[in-house]
Amino acid sequence: MSYKYLEHSTDAFIEVRAKNLEEAFSVAGKSVVETIIDSNNIQEIEEKNIKVKGRNLLNLLYNWLEEIVTITIADGFAIRNFSVNIKKNKENQIISNISGEKLDIKKHNLKVEIKSPTFHLMEIEENDEITMRYLLDL
Numbered sequence: 268m269s270y271k272y273l274e275h276s277t278d279a280f281i282e283v284r285a286k287n288l289e290e291a292f293s294v295a296g297k298s299v300v301e302t303i304i305d306s307n308n309i310q311e312i313e314e315k316n317i318k319v320k321g322r323n324l325l326n327l328l329y330n331w332l333e334e335i336v337t338i339t340i341a342d343g344f345a346i347r348n349f350s351v352n353i354k355k356n357k358e359n360q361i362i363s364n365i366s367g368e369k370l371d372i373k374k375h376n377l378k379v380e381i382k383s384p385t386f387h388l389m390e391i392e393e394n395d396e397i398t399m400r401y402l403l404d405l
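Note that the sequence shown covers residues 268 to 405 in the working numbering.
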């Protein structure tokens with residue numbers, strides 16, 4: 268379970284590797300937070316539940332990344348931990364419990380602001396492990 272930044276001239280291009288989809292989506296969320304702020308100083312003071320839907324896995328990934336950007340930047344909540352449960356019905360859905368604290372720019376060291384995720388270069392491979400690649404527009 269890990270992520271790494273891939274070569275890209277202007278944006279954050281990220282690759283996630285994980286054992287299963289839940290772990291992959293959790294790591295993807297973490298990669299968004301750690302692109303925006305330093306997660307080392309985040310304390311688990313408050314918990315929130317979030318739900319994200321998508322008509323397919325790529326749409327679900329896009330919506331998930333967008334939700335984490337919104338929670339971090341617009342809502343001002345620094346996320347430390349994610350628990351992710353994926354349900355597949357008519358639509359794919361993530362039900363997640365997140366924990367963290369109110370965002371403090373000085374304490375959490377704002378690195379960069381993400382405008383949004385993008386479908387460009389986005390892919391999910393399901394083999395022996397899950398591999399996700401996605402671009403975050405900075």
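We put the CB at the ideal spot given by N, CA and C, even for glycine.
Item: Is it buried or exposed, Tyr401, if we count other Cβ atoms within 10 angstroms and call 16 or more buried?; Value: buried
Item: Would you check if there are 3 or more beta carbon pairs closer than 8 angstroms linking the segment 364–371 to the segment 386–398?; Value: no
Item: Please identify the residue among Met389, Ala291, Gly343 and Glu333 whose C-alpha is closest to the C-alpha of Leu377.; Value: Gly343
Item: Distance check for Glu392 and Ile340, CA to CA, integer angstroms please.; Value: 29 angstroms
Item: In chain order, what residues of the same chain lie with their CB nearer than 6 angstroms to the CB of Glu390, ignoring the 5 residues before and after it?; Value: Arg400
Item: Write down every uninterrupted run of the alpha helix (DSSP H) in the segment 366–391 whose length is 4 residues or greater and which is fully enclosed by it, in chain order.; Value: 372–375
Item: By alpha-carbon positions, which one of Met268, Glu274, Ala291 and Ala295 ends up nearest to Val336?; Value: Ala295
Item: Between the Cα of Lys355 and the Cα atoms of Ile312, Lys315, Leu324 and Lys373, which residue gives the shortest distance?; Value: Leu324
Item: Is the separation between the beta-carbon of Lys375 and that of Ile304 shorter than 7 angstroms?; Value: Looking at the sequence itself, residue 375 is His, so the reference to Lys does not match. A contact, by the Cβ cut-off of 7 angstroms.
Item: Do you know how far the Cα of Glu314 is from the Cα of Ser276?; Value: 36 angstroms
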